[in-house]
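Down below is the structure, laid out as structure tokens.
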Amino acid sequence: MSMPAEENSSGSRTPAFTFPYTLDKFQSESIGHLENGDSVLVSAHTSAGKTTVATYAIAMHLRDKRRVIYTSPIKALSNQKFREFSDTFSSPTGQTTASVGLMTGDTTIRSNADCLVMTTEILRSMLYRGTEMLREVGCVIFDEVHYMRDKHRGVVWEETIILLPRKCQYIFLSATIPNGQQFVDWVMHIHPGLKCHVVHTDHRPVPLRHYVCPTGGNGLFPIVDESGVFQEDSYKKALAVLSAMDEEKRVERSQKTGETSVFDTGYQNITAAAKRSRNASNKASPVQQIMQILSHIILNNMHPCIVFVFAKAECESLALSLAKQTFNTEEEEQFVTHTYKNAISGLCDDDQQLPAVQALLPLLQRGIGIHHSGLLPILKEVVELLFSAGLVKVLFSTETFSMGLNMPARTVVFHSIKKYDGTQKRLLTSGEYIQMSGRAGRRGLDKNGVVVTLLDEAIETKDFKNVTCGKADPLISSFHLTYNMVLNLLRIEDADPRIMMRRSFFQYQQEFGKRPIIERQIEELQAKREELRKDISPDVFKVCQQYSTARRVLRRLRSEENQEIFRANAKTVWKFLQVGRIIKFLATTESSSLKDAESLPEGMEMSGVVLSALSRDDLEENDGKNDDSDEQNLRVSVLVEAEMANVINLNNDSKDSVHEIINASSKFEIRPIRVADISCVSKLRIKPRESSFPTKQYSQLQKKVGELITKHGENLMPLDAVKDMKIETEKLGSIRGKIESLEAKIEKSPIGRDASESEYANTLATYEEILIIDKNLEVLNAQLEKLKGALVLEDELQTMIRILRKMDYIDGNNVVLRKGKIACEITTTDQDELLLVELLFRGVFNDMEVELIVALLSCLVNVHKTPDQFDPGEKYHSALRKLYDISAWINKISTESGVAIRDDISVPTMAPAISSTVNSEKIMPSLIDITYQWTQGAKFTQIIRETDAFEGEVVRMMRRLEELLRQMATAAKSSAVGSHLIYEKMMNGIEKIKRDIVFASSLYI
14 MSMPAEENSS GSRTPAFTFP YTLDKFQSES IGHLENGDSV LVSAHTSAGK
64 TTVATYAIAM HLRDKRRVIY TSPIKALSNQ KFREFSDTFS SPTGQTTASV
114 GLMTGDTTIR SNADCLVMTT EILRSMLYRG TEMLREVGCV IFDEVHYMRD
164 KHRGVVWEET IILLPRKCQY IFLSATIPNG QQFVDWVMHI HPGLKCHVVH
214 TDHRPVPLRH YVCPTGGNGL FPIVDESGVF QEDSYKKALA VLSAMDEEKR
264 VERSQKTGET SVFDTGYQNI TAAAKRSRNA SNKASPVQQI MQILSHIILN
314 NMHPCIVFVF AKAECESLAL SLAKQTFNTE EEEQFVTHTY KNAISGLCDD
364 DQQLPAVQAL LPLLQRGIGI HHSGLLPILK EVVELLFSAG LVKVLFSTET
414 FSMGLNMPAR TVVFHSIKKY DGTQKRLLTS GEYIQMSGRA GRRGLDKNGV
464 VVTLLDEAIE TKDFKNVTCG KADPLISSFH LTYNMVLNLL RIEDADPRIM
514 MRRSFFQYQQ EFGKRPIIER QIEELQAKRE ELRKDISPDV FKVCQQYSTA
564 RRVLRRLRSE ENQEIFRANA KTVWKFLQVG RIIKFLATTE SSSLKDAESL
614 PEGMEMSGVV LSALSRDDLE ENDGKNDDSD EQNLRVSVLV EAEMANVINL
664 NNDSKDSVHE IINASSKFEI RPIRVADISC VSKLRIKPRE SSFPTKQYSQ
714 LQKKVGELIT KHGENLMPLD AVKDMKIETE KLGSIRGKIE SLEAKIEKSP
764 IGRDASESEY ANTLATYEEI LIIDKNLEVL NAQLEKLKGA LVLEDELQTM
814 IRILRKMDYI DGNNVVLRKG KIACEITTTD QDELLLVELL FRGVFNDMEV
864 ELIVALLSCL VNVHKTPDQF DPGEKYHSAL RKLYDISAWI NKISTESGVA
914 IRDDISVPTM APAISSTVNS EKIMPSLIDI TYQWTQGAKF TQIIRETDAF
964 EGEVVRMMRR LEELLRQMAT AAKSSAVGSH LIYEKMMNGI EKIKRDIVFA
1014 SSLYI
């Protein structure tokens, strides 16, 4: 290995490791920084060779007698890296001989090794505990650091990076991220004195060619060439083919080709859950087309090929549709059989006969593989090993295969350009497309990689271009507070959760990321203000100022008049606030009050048409009340012209500051308007043919409003309270008197009543524009001041502190009490620490059999969806009721302490016998019964028949359950609880579940 002299401060020092290939520039540059003692972020495409940098870093620190920690986001990747580094560093014939260890939640091998591979969660726990071994660590390598984006687990990376000592050298390995410098700046910000460099490369060792294959077509259309240029004309031709194939022609073509059902192959499903995909699969792109593409790939020696499919069941059904195809030679088939049988030989006879285990081999023998999170872990590893050996020619996989695993292919096929993300079916992001397509092209083997996307629906050219040619997703912090984090920090002497919060990447992005944007906006607005102001003489400016002030006072008085009218007789006003009524209102925010109306520029008064009137229920509920706040907060939905909203809305703290946009190109929007902000109720009304206006009429409706405003003027013929509504009070008379007096003064001013016909018209419009700028500057400056000192999550922290005090986890001085100490031990579940601690302290487990304890705890680590009105059986009712009751108690305290109730989560309703009053998205009892059976000794073949969950889902739940039981045992044994009985029950529970295929050892270990 050659290294530039200027990058190696060690001069002629022998390199720590030599590679049998010439290093790329980014690899040499990274190694140079490491030898200089600096840290580095290596940002490069998939399969670009980032592991080379990690290998050198490990060798360098082993040479210098320092311990190395290598972290990864998932256990599977940790197992692979353990195998890889063991082969590299533990071999007697290797360049460096050192011990390599592994620490994941369920496996520990040589915990005192020179090089330790572990999940990031394990490292975080070690840091909170202050493990002595960390004093010897000279280097920490974070693989797949872009995983920080993960909304649930990303916070673990931030906690770990913040807690690590400054003396460490850091190596961050990441897919391409556009804001790598921001990330590095943050690392240096929280670790003063640390030098960290960004080494970024967009270069692909193997260039890619991208194609689309429209459903019904017979060919591939190039869409992105090797230089990354989008071929728009070619894509439009593909769309034309897609358009020509109407439904009738597709059916006819399907009949002519004799296409058979996916399930007519005679093969069993690989997993039990695949049976559910029968209907879904038949609606997907024709299997015949997949077969044609794959036949072309095999014929032209473009394998191995990965077909990305975004549904586990569909992934299997597509693989099964090729079961009659054979891509392996007879010799390769024999080798696959031998490898497969060796891999499963450690399983018991019953597990070897599982349908899932038996059904995969015939496919693998033919060179066809399947890989998704629902597959049994041991089967996934067999597939990975065979794929890396070139014995799987076609692999059907979900996107999990695109992360971390160093297994490139020659060709990548996207079964669809859309995926369901748990909320909606959407286009892939450009980052997702880059990550998966990056698997195409094997370095040193392929001249180029090939990417093919099946196109089964027309996607707008610009949208498709954004996906295939867009930038990688930026690294955005997902930092959030957890009770475990807060309690652990309170427990450490001289520590404070605010220190963690202030040092978080989330805080950094808010403070230093937004600040330059706001400062630039302020500069631009100030420059624009100066440009506008220079054209107005002081005398004219004064006239405009007096006139505008008078108009704003008049607007405030009219708002007061409207408010008094509504207070006096809300039901009468309701008759006039009908669908189609034209109104004028103040474009205030939720935090604005009536007094703000006087300071609002003229341009912040808007006109619109009512889409939904006040309900009688709203009015009856407020009838007779004198609480002004209730009256002010009643709302009507109003359709307004989007271009009229010409004030930059910068107050994103208000829920109502986000308005419903009809579509991306619409010129109108719907706003919920408070009655208190209505300044004029017009006599004009556009009557709908039915009870409401359909969405498709909104454009015509807004056009009609514009015509009415042009015809009748800005005054809009307001309804008279006395003449039209028959409402009259003493206060109303006083307000009307002030209005008449002010209108008279305005009429006598140089501008007059109608500014549009005045010689001052243009100047007044400029002045109003200046006022709008001033208002925006006021908001921007306030935001800038807030960013300079405020902690973004301070309110959340205060809420959590209140909850912890109410529940006796900490005292008034934030000293951690017994319950809090126990919560510090529980990290398996996200935000369920309190629920688990309450189960312990309330003695729920004291008289409960071990099997039921294990089954009950499974509800907190299970992610398999629970159906509505679920009832697992009477023997679980009592235990589940206790679980739900404690959850309800915690929710009640949380709500009382200021935690907002989320209404965006779909929560299954339980059978009345279990819980009739409260449900929780955190409690998922769908696998409670099969867990109970498993603890009683049932075979895996028995329990899997009784659930629609994938085998891999059940195994993952059981392994998480084992971690939770171990943590609960530690908690029970601690001085804070001191229950030997509960400790024994938890350890007994581990013994009952830790067996057979569920806890089969990794093939990489």
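Each residue of the sequence shown is one higher than the one before, counting from 14 in the working numbering.
Ideal Cβ positions, reconstructed from N, Cα and C, are used throughout, including at glycine.
Span of the beta strand (DSSP E), counted from its first residue to its last, around residue i
i: His384; result: Ile381 to His384
i: Lys432; result: Lys431 to Tyr433
i: Val480; result: Premise fails: Val480 lies in the alpha helix (DSSP H), Thr474 to Cys482, not in any beta strand (DSSP E).
i: Cys128; result: Cys128 to Thr132
i: Ser939; result: Where Ser939 is concerned, there is no enclosing beta strand (DSSP E), given that its DSSP letter is neither H nor E.
Expected contact under 8 Å - CB spacing of residue i and residue j to nearest Å
i: Thr353; j: Met813; result: Looking at the sequence shown, residue 353 is not Thr but Tyr. Between Met813 and Tyr353 the Cβ distance is about 51 Å, and since that is not below 8 Å, they are no contact.
i: Cys872; j: Pro938; result: 5 Å
i: Cys181; j: Gly151; result: 7 Å
i: Asn1001; j: Val863; result: 5 Å
i: Asp690; j: Phe598; result: 5 Å
i: Leu624; j: Val586; result: No, Leu624 and Val586 are not in contact; Cβ-Cβ is about 17 Å, not under 8 Å.
i: Glu574; j: Ile752; result: 7 Å
i: Val158; j: Leu186; result: 6 Å
Contacting residues, own chain, Cβ-Cβ under 7 Å from residue i (five flanking each side not counted)
i: Ala29; result: Tyr69, Ala72, Met73 and Arg76
i: Ile236; result: His223, Tyr224, Val225, Phe243, Gln244, Ser247, Tyr248 and Thr481
i: Thr442; result: Asp486
i: Ala677; result: For Ala677, the pLDDT reaches just 35, beneath the cut-off of 50, and the residue's location in the model is therefore unreliable, leaving the point undetermined.
i: Ser992; result: Ala985
Separation of residue j from residue i, as counted between CA atoms
i: Glu172; j: Tyr183; result: 15 Å
i: Gly118; j: Gln811; result: 32 Å
i: Leu494; j: Glu809; result: 8 Å
i: Lys788; j: Val556; result: 20 Å
i: Ala251; j: Phe340; result: 29 Å
i: Ala402; j: His216; result: 26 Å
i: Leu255; j: Gln715; result: 36 Å
i: Glu654; j: Thr708; result: 14 Å
i: Val1011; j: Leu896; result: 26 Å
i: Ile311; j: Val395; result: 22 Å
i: Arg379; j: Leu488; result: 41 Å
i: Leu503; j: Thr908; result: 23 Å
i: Leu647; j: Met730; result: 24 Å
i: Arg452; j: Pro421; result: 5 Å
i: Ser1024; j: Val81; result: The chain is shown from 14 up to 1018; residue 1024 falls before or after that span and cannot be answered.
i: Asp1065; j: His204; result: Nothing in the structure corresponds to residue 1065, since the chain is present only between 14 and 1018.
i: Leu793; j: Glu537; result: 12 Å
Any non-hydrogen atom of the ligand GTP within 7 Å of residue i CB
i: Ser712; result: Questions concerning the ligand GTP fall outside what the structure shown contains, since it holds no ligand whatsoever.
Same chain only: Cβ atoms within 6 Å of residue i, ignoring 5 sequence neighbours per side
i: Glu846; result: Tyr496, Asn497, Ala836 and Ile839
i: Ile596; result: Ile691 and Val694
i: Lys834; result: Ala989
Opening and closing residue of the alpha helix (DSSP H) in which residue i lies
i: Gln244; result: Premise fails: Gln244 is in no alpha helix (DSSP H) and is neither H nor E.
i: Thr68; result: Lys63 to Arg76
i: Gly45; result: Lys38 to Glu48
i: Gly833; result: Arg831 to Ala836
i: Val867; result: Val863 to Ser871
i: Tyr897; result: His890 to Glu909
i: Met730; result: Here Met730 belongs to no alpha helix (DSSP H), and DSSP marks it neither H nor E.
i: Gln534; result: Lys527 to Arg546
Residues of its chain near residue i, where Cβ-Cβ distance is below 8 Å and the 5 sequence neighbours each way are ignored
i: Val553; result: Tyr773 and Thr776
i: Ala257; result: Gly229
i: His428; result: Ala297, Ser298, Ile303, Val320, Phe321, Val322, Phe323, Glu327, Leu331 and Leu467
i: Thr350; result: Leu374 and Gln378
i: Gly232; result: Cys226
message: Restricting to runs no shorter than 4 residues, where is the alpha helix (DSSP H) found entirely within the segment 973-1009?
response: Fully enclosed alpha helix (DSSP H) runs of 4 or longer: 993-1006.
- request: Give, in chain order, every unbroken run of the alpha helix (DSSP H) that is at least 4 residues long and sits entirely within the segment 759-820.
  value: For the segment 759-820, whole alpha helix (DSSP H) runs of length 4 or above, ordered along the chain, are 774-802 and 807-819.
- prompt: For the segment 143-175, which segments carrying the beta strand (DSSP E) assignment without a break, of at least 3 residues, lie completely within its bounds, in sequence order?
  reply: For the segment 143-175, whole beta strand (DSSP E) runs of length 3 or above, ordered along the chain, are 150-155.
query: Which parts of the segment 329-414 are runs of the alpha helix (DSSP H), unbroken and 4 residues or longer, counting only runs that do not cross its ends?
result: DSSP runs (the alpha helix (DSSP H)) wholly in the segment 329-414: 343-357, 362-365, 368-378 and 390-401.
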